[in-house]
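Read through the structure below, which is laid out as structure tokens, and then see the notes.
In my numbering, the protein residues as written are 1237 to 1864.
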């Protein structure tokens, strides 16, 4: 197809599917045209074909997003909807129950009886009933998966229409990671949940006292008072962050100083005992603390959420873990609004070509002539354009049917690269951290504005927005990603299409997509991020940037290069993410002053941005954004 030019932002060129149908010539299956008229269907053989480059080789580490053709995952679910209408829209009712093309065996590209024929990369399905009068097909397919988790291969929730319902009923929605979090009426994690139990443990430390008149909260000892204020003002509520904070408190109270009076020594002991009262915490051999890292379910990992989703609040008498804004005024996303990456779907709506003779012999040959002496075409387009008639309608005399348009990916792909803009980065307190080969590991990617899509996989603007969270971060070789001064290899996630920008400020704002990259601080330094948030060694932090497709406006303003959907340079790319296309983003980090240790709601329009974003649709759209 025209879009398959190397400089465009799509990735359909990797695996682009075409499908065809060939009627059975067996008289036992279809003895006469009159019998077909009586039944209302013609019995066919169904063929699905892929380009040669899409079906050879073996799977690699990036196979869950089909980064390269050799990583084709196969299709284990295929549904075909026939229509008598020449074209369809959302207000057209579903005419027939879908034809299920999945026979229990995954259609694959490697070997076995359910693989492709070599020369045409096609596969033949026998005995498929196609209604007479069919002019159009709508096809859905889902990439195969075995025991992979939704985190690894993505997930979507399909809503299907029944016969007689309009196609507008069909939608594909983001799949929430934590749809029903364990919360009470105030939006706090319940006391029996992992997050609630963690809050209870932290409360026991904060309320430590040696006697009624010797309480940590009211101590006059300046160092202890300072530790207390740091403790109760923390916001990052993950178990990973809690371990770091508790360790800092422990190091401040474990030793009695010569200057400590009796009350101070007793209070230090009480705080230390409160810390060690939990069986998951003990004194280590190096003078510090030893933790059970899986304690409290690794909250919020037990809910499948990023560490930055966990907010903790001191109410004046106790710690509480929050799942939503509540009445705190914090701009945080609800737990229910985090979703898995999109699942790899295929889709097409197309008219057909027909033939009144069987074409099955052309699909099965390997090269040259097949066993009957009939020419075996070497590629799909050659076969279809030679043997089929345009503008077809299925009749009782139809023996072979071809879908004109190629099946394409129904989702988009986001490729992300990171790099440090200099050899050392300053935090929000002016402290510098040197960037080494493993100082900051990339552990997650979050993308906002993901909404349900319709039967054509176009975004439904009135649906609720989710933030996609992908925590399976590897390059195409299966290696971890680190931020260094060299641009990293890309890591990938699948996304749903987003809206296009228009001429108004509102449409341009709606087309923007905010992303957050999750890093792990592997340095030995405690960094100070936005609003004074502390990023301890071993804990996570987040840098946020915005993709703005409206800058691809056909001008050279600010040095931008314009990119189009095809090689005619007539249709500008107007969406951050498009189905069947990939968006390539390079994130250049110039400092850590805007690093978050807890995640804000990425849907808010006035976030501080901690990234410079260069957007590249196939060959080099470059956008340099100021850090806001």
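Glycine is no exception: its CB is placed at the ideal position from the N, C-alpha and C atoms.
> Count the other CB atoms within 10 Å of the CB of residue 1476; is the residue buried (16 or more) or exposed (fewer)?
Replying inline: buried
> What does residue 1781 pair with, by DSSP beta-bridge criteria?
Replying inline: 1751
>> Quick check: residue 1372 and residue 1324, are their CB atoms within less than 8 Å of each other?
In response: yes
>> At the level of alpha carbons, what is the spacing between residue 1369 and residue 1785?
In response: 42 Å
> Over what stretch of residues does the beta strand (DSSP E) that includes residue 1557 continue unbroken?
Replying inline: 1555–1558
>> For residue 1528, which residues in the same chain have their Cβ closer than 7 Å to its Cβ, ignoring the five residues on either side in sequence?
In response: 1516
>> For the beta strand (DSSP E) containing residue 1445, name the first residue and the last one.
In response: 1445–1447
> Should residue 1306 go down as buried or exposed, given a rule of 16 or more other Cβ atoms within 10 Å for buried?
Replying inline: For residue 1306, the predicted model reports a pLDDT of 48, less than 50, meaning its position is unreliable; a value from the coordinates is still stated below. Flag for residue 1306 reads buried.
>> One question on the structure: do residue 1771 and residue 1831 come within less than 8 Å of each other, judged by their Cβ atoms?
In response: yes
> Going by the beta-carbon positions, is the gap between residue 1682 and residue 1838 smaller than 8 Å?
Replying inline: yes
> From 1486, 1549, 1514, pick the residue whose C-alpha is nearest to that of residue 1505; which is it?
Replying inline: 1486
> Three or more beta-carbon pairs under 8 Å between the segment 1736–1746 and the segment 1756–1774, yes or no?
Replying inline: no
>> Looking at residue 1386: is its Cβ nearer than 8 Å to the Cβ of residue 1576?
In response: yes
> residue 1634 and residue 1592: beta carbons closer than 8 Å?
Replying inline: yes
> For residue 1706, which of helix, strand or coil comes out of DSSP?
Replying inline: strand
> Quick one: complete beta strand (DSSP E) runs, 3+ long, within the segment 1433–1511?
Replying inline: 1445–1447
> When DSSP labels each residue in this structure, what does residue 1656 get in the three-state scheme?
Replying inline: strand
> Which whole-angstrom value describes the C-beta separation of residue 1764 and residue 1665, a residue pair presumed to lie in contact below a C-beta threshold of 8 Å?
Replying inline: 4 Å
> Roughly how many angstroms separate the alpha carbons of residue 1677 and residue 1836, rounded to a whole number?
Replying inline: 21 Å
>> Determine whether the beta carbon atoms of residue 1749 and residue 1647 lie at a separation below 8 Å.
In response: no
> Alpha carbon to alpha carbon, how far is residue 1548 from residue 1458?
Replying inline: 25 Å
> Would you report the Cα separation of residue 1825 and residue 1514, rounded to the nearest angstrom?
Replying inline: 39 Å
> Quick one: is residue 1494 buried, meaning 16 or more other Cβ sit within 10 Å of its Cβ, or exposed?
Replying inline: exposed
> Would you call residue 1399 buried or exposed, if buried means 16 or more other Cβ atoms sit within 10 Å of its Cβ?
Replying inline: exposed
> Short check: CB of residue 1679 to CB of residue 1556, under 8 Å?
Replying inline: no
> How would you write the range of the alpha helix (DSSP H) that residue 1724 sits in, first residue to last?
Replying inline: First-last for residue 1724: undefined, no H or E at that position.
>> In the DSSP output, which residue or residues are listed as bridge partners for residue 1412?
In response: 1575
> What beta strand (DSSP E) runs, 3 residues minimum, are completely inside the segment 1361–1401?
Replying inline: 1372–1379, 1392–1395
> Buried or exposed: which applies to residue 1222, given that a residue is buried once 16 or more other Cβ atoms fall within 10 Å of its Cβ?
Replying inline: Past the boundaries of the shown model lies residue 1222; the chain is included only from 1237 to 1864, so the question cannot be answered.
>> So residue 1752 and residue 1783 are supposed to be a Cβ contact under 8 Å. How far apart are they, rounded?
In response: No, residue 1752 and residue 1783 are not in contact; Cβ-Cβ is about 12 Å, not under 8 Å.
> How is residue 1875 classed by DSSP in three states: helix, strand or coil?
Replying inline: Residue 1875 is absent from the structure shown; the chain starts at 1237 and stops at 1864.
> Which word fits residue 1569, buried or exposed, when buried means at least 16 other C-beta atoms lie within 10 angstroms of its C-beta?
Replying inline: buried
> If you run the structure through DSSP and keep just helix, strand and coil, what is residue 1733?
Replying inline: coil
> Is the beta carbon of residue 1630 sitting closer than 8 Å to the one on residue 1367?
Replying inline: yes
> Considering only C-alpha positions, which residue in the set 1433, 1330, 1728 is nearest to residue 1321?
Replying inline: 1330
>> Given a cut-off of 8 Å on the beta-carbon distance, is the pair residue 1375 and residue 1584 in contact?
In response: yes
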